[in-house]
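*Asks:*
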Amino acid sequence: MSEKKIINVGVFSIKPSSSIENTPIGLAFHSAELDEFDIAVADQGHHQSLYAAYMRTLPGEISSQMPGMYFDGADAFGFHDNTPLPDVYYLERQGRHAISQEMAARALFVSLCARTYYNLPADNRMREMQVSQERLDKAIVRSARRST
637 MSEKKIINVG VFSIKPSSSI ENTPIGLAFH SAELDEFDIA VADQGHHQSL YAAYMRTLPG
697 EISSQMPGMY FDGADAFGFH DNTPLPDVYY LERQGRHAIS QEMAARALFV SLCARTYYNL
757 PADNRMREMQ VSQERLDKAI VRSARRST
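Just so we're aligned, residue 637 is where the sequence shown starts under the working numbering, counting upward by one.
#1: If you follow the beta strand (DSSP E) that PHE715 is in, where does it begin and where does it stop?
#2: Give every residue of the same chain whose Cβ lies closer than 8 Å to the Cβ of ARG763, excluding the five residues on either side of it in the sequence, and list them in chain order.
#3: Would ILE675 be called buried (16 or more neighbouring beta carbons within 10 Å of its own) or exposed?
#4: Does the Cβ-Cβ distance between ASP679 and TYR725 come in under 8 Å?
#5: If you run the structure through DSSP and keep just helix, strand and coil, what is GLU770?
#6: Give the secondary structure of ASP708 by DSSP, where H, G and I count as helix, E and B as strand, and everything else as coil.
#7: First and last residue of the alpha helix (DSSP H) that includes PHE745?
#8: Round the Cβ separation of SER736 and HIS666 to the nearest angstrom and send it over; I've been treating them as touching at under 8 Å.
#9: Go ahead and pull the three-state DSSP assignment for ASN755.
#10: Tell me where the beta strand (DSSP E) around LEU663 begins and ends.
#11: Relative to the alpha-carbon of HIS683, which residue among ILE650, ASN760, GLU770 has its alpha-carbon at the smallest distance?
#12: Between the Cα of ARG761 and those of MET691, ARG781, ALA668, spot the shortest distance and give me the residue it belongs to.
#13: Would HIS716 and LEU748 be called neighbours here (beta carbons separated by less than 8 Å)?
Structure, rendered in structure tokens:
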């Protein structure tokens, strides 16, 4: 039997905008101190709006330390636009541990495949989800290098 990992998943309600949006979208965050993964998903929207909604759920001392843009604060991003499998990328940066970013991306991939954005209420709350290590190992993710 495969080992189970716990990830925290939140479905966020994002206001529609007039510009073209991805549907659905997701961001992944890894807390090295707690060895936890947070996954924020929405059924539609822009990653920056999702990042802002996720930041509002964090305690003030944590959110004040987070960068202003999602591509500087998240470890992975993805979307599932009319494709059989989601497109998920981890954001490699100098000085950050790429393996934890890749694992965050794998957790996001599994969450998007499970369609958590339809199966959980969009109430901006994080919930625990158990995922087998085997499912995480099979996730398809790619690197999006950042030179920050």
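The C-beta atom is built at its ideal place from N, Cα and C for all residues, glycine as well.
*Replies:* So, from the data block:
#1: Taken as a continuous stretch (DSSP letters only), the beta strand (DSSP E) holding PHE715 covers 712 to 715.
#2: Only ASN644, VAL645, GLY646, LEU756 meet the Cβ criterion.
#3: Taking every protein chain shown into account, the CB of ILE675 has 16 or more other CB atoms within 10 angstroms, so this residue is buried.
#4: With respect to the 8 Å criterion, ASP679 and TYR725 are not classified as neighbours on the basis of their beta carbons.
#5: Reduced to three states, the DSSP call for GLU770 is helix.
#6: The answer is helix: DSSP assigns ASP708 an H, G or I state.
#7: 734 to 749 is the extent of the alpha helix (DSSP H) around PHE745.
#8: Beta-carbon to beta-carbon, SER736 and HIS666 are separated by about 5 Å, close enough to satisfy the 8 Å threshold.
#9: Of the three classes helix, strand and coil, the one that applies to ASN755 here is helix, per DSSP.
#10: Run containing LEU663: 661 to 667, per the beta strand (DSSP E) assignment.
#11: With distances taken between Cα atoms, HIS683 lies closest to ILE650.
#12: Closest by C-alpha distance to ARG761, out of MET691, ARG781, ALA668, is MET691.
#13: For HIS716 and LEU748, yes; Cβs fall inside 8 Å.
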